[in-house]
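Enquirer: Numbering (our numbering), first residue to last: 39 to 167. Virtual Cβ for every residue (Gly too), placed ideally from N, Cα, C. As the structure is a computational prediction, the values presented were derived from the model and not from experiment.
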């Protein structure tokens with residue numbers, strides 16, 4: 039779990055990344071975007087159920103648990119953000135996983151849990167239940 043100072047830095051980095059990536063999102067993308075949420079997605083679905091008689095859905099199971107770090111780093115590099123953003127993202131991705139017994143395990147894929155820069159994964163959501 040990140041410390042308070044880490045959360046502040048992560049929030050600043052997430053805001054920079056979010057501002058740079060907002061233009062790439064489809065108008066019907068609702069997840070993890072400012073000013074949009076589940077209720078907005080439900081309202082759009084409700085409107086469309088009267089217009090269309092079909093549904094398409096997709097999802098990538100455990101994506102944030104298994105995303106390769108090199109792909110995340112390349113994507114952030116392509117955004118042409120200040121160098122400190124890439125430095126922090128690289129460090130956060132490489133942060134070891136602390137096990138219940140106190141030991142640390144290196145991470146080679148996936149995103150850290152409980153971070154302001156990553157959406158909650160299914161494992162994190164399940165742990166809260």
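1. In terms of DSSP beta bridges, what is residue 79 paired with?
2. To test your reading of the DSSP string, which unbroken alpha helix (DSSP H) runs of 4 or more residues are found completely within the region 62-134?
3. Using a Cβ-Cβ cut-off of 7 Å (strictly less than) and excluding sequence neighbours within five positions of residue 134, which residues of its own chain qualify?
4. Starting from residue 147 and walking both ways along the alpha helix (DSSP H), at which residues does that stretch end?
5. Helix, strand or coil for residue 142? Go by DSSP, reduced to three states.
6. Looking at the strands, I want to know which residues DSSP matches up with residue 136.
7. Look up residue 41 in the DSSP assignment and say whether it is helix, strand or coil.
8. Return the Cβ separation of residue 119 and residue 54 in integer angstroms, given the expectation that the two are a contact with Cβ distance under 8 Å.
9. With 16 as the cutoff for other CB atoms within 10 Å, does residue 150 come out buried or exposed?
Expert: On the basis of the coordinates in this document:
1. Working through the chain shown from its first residue, we reach residue 79 at position 41. Per the DSSP secondary-structure output, residue 79 pairs with nothing in a beta bridge.
2. 76-87, 101-104, 107-115 and 121-132
3. Within the chain shown, residue 134 is the residue found at index 96, counting from 1. If we look at residue 134 and ignore the five residues flanking it on each side, its Cβ neighbours are 142, 143, 144 and 145.
4. Your numbering for residue 147 matches position 109 in the chain shown. It is not in any alpha helix (DSSP H) - residue 147 carries neither H nor E in the DSSP assignment.
5. Along the chain shown, read from residue 1 onward, the residue named residue 142 stands at position 104. In the structure shown, residue 142 sits in a strand (DSSP, three-state: E or B).
6. Residue numbering aside, residue 136 sits at position 98 when the chain shown is read from its first letter. Beta-bridge annotation (DSSP): residue 136 is paired with 142.
7. Counting from 1 along the chain shown, the entry for residue 41 is found at position 3. Residue state, collapsed to three classes: coil.
8. Residue 119 sits at position 81 when you count from the first residue of the chain shown. Residue 54 sits at position 16 when you count from the first residue of the chain shown. Going by Cβ atoms, the distance from residue 119 to residue 54 rounds to 6 Å, so yes, they are a contact pair.
9. Counted from its first residue, the chain shown places residue 150 at position 112. Label assigned to residue 150: buried.
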